[in-house]
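Under this note's numbering, residues 1 to 337 are what the sequence shown spells out, in order.
Glycine included, each C-beta is placed from N, C-alpha and C at the ideal position.
Values in this document were obtained by computation on a predicted structure and should not be read as measured data.
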Amino acid sequence: MSKNLPTCYSCSKTAITYRRTDGRYFCKDCFSKWVHATVRKSIKQKNMFERNDRIIVGLSGGKDSTVLLDVLNRIEKKYPSELIAVCIDEGIDGYRDDGLPIAEMNAKKLDIEYHLFSFKELFGYTLDEIVQRSRELQKILPSTKKTKKIQHGPCSYCGVFRRKAINLAARKLDGDKVATGHNLSDVSQTIMLNLLRGDSSKLIRGDFQPKKVHELLIPRVKPLQAVAERDVVLYAFYNDITYHTTECPYSVEAMRLDVRNFLIEIEDKYPGSLNCVRNGMEKISQQCGGKITAESTASKPKQLLFCEKCGEPSSSAICIGCQMIDVLFNTDFKINK
Ligand code: SF4
Ligand SMILES: [Zn+2]
Ligand SMILES: [Zn+2]
């Protein structure tokens with residue numbers, strides 16, 4: 001090890017980390033301060049919170065949401081806002097069960113109210129049951145337009161029901177905003193995934209100031225959106241934060257994993273690329289998002305309705321979640337041999 005370790009960019013202490021994206025060395029304390037300042041900047045830029053907000057923090061026990069809870073707890077101390085931690089148990093055997101006690105322990109450590117909701121209790125099925133049924137049906141049913149709705153991967157089911165679950169939980173707990181632990185790496189991956197899937201409306205929609213677009217939909221915000229995954233891990237390490245490190249068993253099946261590995265390689269070769277992906281897309285959304293979405297939806301305006309089955313916000317008569325449950329568990333498929 002070199003005897004002449006560089007000093008911190010903002011104080012005279014010995015640095016312990018180097019940020020290749022901006023060429024700065026940081027000591028432990030200044031690195032944590034930098035994370036707090038970066039999150040505060042995102043909150044301010046996007047007007048994420050009001051002074052008195054009840055902020056529902058989606059807590060999983062993993063690094064991102066645990067770091068988010070810690071950072072928000074420090075930042076929001078100065079305001080009359082309130083933090084409430086909510087865990088959603090999807091029902092993934094051998095994975096979520098281990099993360100839940102860690103999530104609860106972290107909330108208790110910070111003296112933050114903690115609540116647990118589950119897919120089973122809210123929708124009648126665990127994610128494992130949903131995935132198993134989908135796989136069974138995929139094996140016996142021919143692939144047709146009609147059976148397309150059973151051909152989702154685990155993460156598609158998980159995403160739909162988790163969004164629905166956290167919104168239900170936030171309403172039940174009288175929340176004003178839902179804050180999730182999505183970091184810069186997650187946000188960049190989503191942009192790349194939408195690009196690879198050709199999903200122009202999601203790509204252009206952007207991530208602007210939280211707005212109440214439906215009376216039953218609690219606005220969602222991502223305060224860690226400018227902090228890369230590597231920095232989240234470092235922050236947890238330097239602040240002695242314990243988190244659940246096991247990967248979800250379904251993650252290996254997701255296209256997101258390939259995109260994640262690709263972006264890690266790119267960021268390593270060309271530091272700052274993740275920031276470029278996020279900032280570039282935000283500019284595009286700001287400059288032409290409204291125009292493009294208005295034009296593309298002019299013939300078929302997409303309005304948020306109430307699902308006829310569950311009463312939750314929906315862009316069609318029956319919400320996607322209810323459609324998924326119906327097709328998997330309530331449909332009598334006639335199998336042509
Ligand atoms: S990897 Fe997929 S299935 Fe697992 S928790 Fe994440 S979204 Fe859900
Ligand atoms: Zn320092
Ligand atoms: Zn519904």
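- Cβ-Cβ separation between Arg-54 and Glu-76: approximately 11 Å, too far for a contact (criterion under 8 Å).
- Around Leu-100, the same chain offers Gly-61, Cys-87, Asp-89 and Leu-116 as residues with beta carbons nearer than 8 Å, after the five sequence neighbours per side are excluded.
- Rounded to the nearest whole angstrom, the C-alpha separation of Ile-43 and Glu-136 is 44 Å.
- Put simply, the residues with a CB less than 5 Å from any heavy atom of ligand 1 are Pro-154, Cys-155, Cys-158, Cys-248, Tyr-250 and Ser-251, in chain order.
- The Cβ neighbour count for Glu-215, taken over all protein chains shown within 10 Å, is under 16; the residue is labelled exposed.
- Between Leu-168 and Leu-122, the CB-CB gap stays under 8 Å.
- Excluding its 5 nearest sequence neighbours in each direction, Val-221 has C-beta neighbours in its own chain below 6 Å: Met-48, Lys-177, Ala-179 and Pro-210, listed in chain order.
- For Lys-177, there is no enclosing alpha helix (DSSP H); the enclosing beta strand (DSSP E) has its first and last residue at 177-179.
- In the DSSP assignment, Tyr-18 falls within the unbroken beta strand (DSSP E) covering 17-19.
- Looking at the DSSP output, Thr-331 bridges to nothing.
- For Arg-24, there is no enclosing alpha helix (DSSP H); the enclosing beta strand (DSSP E) has its first and last residue at 24-26.
- Distances from the alpha-carbon of Cys-248 to those of Leu-263, Cys-155 and Lys-33 put Cys-155 closest.
- Partner residues in the beta bridge of Val-221, as assigned by DSSP, are Ala-179.
- Per DSSP, the beta bridge partners of Ala-85 are Val-57 and Tyr-114.
- Looking only at Leu-193, Asp-231, Met-281 and Phe-333, the smallest Cα-Cα distance to Tyr-18 is reached by Asp-231.
- Segment contact: the segment 268-288 against the segment 180-190, three or more CB-CB distances shorter than 8 Å; contact assigned.
- Per the CB criterion, closer than 7 Å to any heavy atom of ligand 3, the qualifying residues run in chain order as Cys-307, Lys-309, Cys-310, Glu-312, Ser-314, Ile-318, Cys-319, Gly-321 and Cys-322.
- With fewer than 16 neighbouring CB atoms inside 10 Å of its own CB, Ser-251 falls in the exposed class.
- Counting every other CB atom within 10 Å of its CB across the protein chains shown gives Ser-315 a total below 16, marking it as exposed.
- Ile-150 places its beta carbon 8 Å or farther from that of Val-39.
- Scanning Phe-333, Asn-330 and Ile-325 for the CA closest to the CA of Leu-127 turns up Ile-325.
- If you look at Thr-190, you'll find it in the alpha helix (DSSP H) that goes 184-196.
- If you look at Met-281, you'll find it in the alpha helix (DSSP H) that goes 273-284.
- Leu-257 sits in a helix when the DSSP states are folded into three classes.
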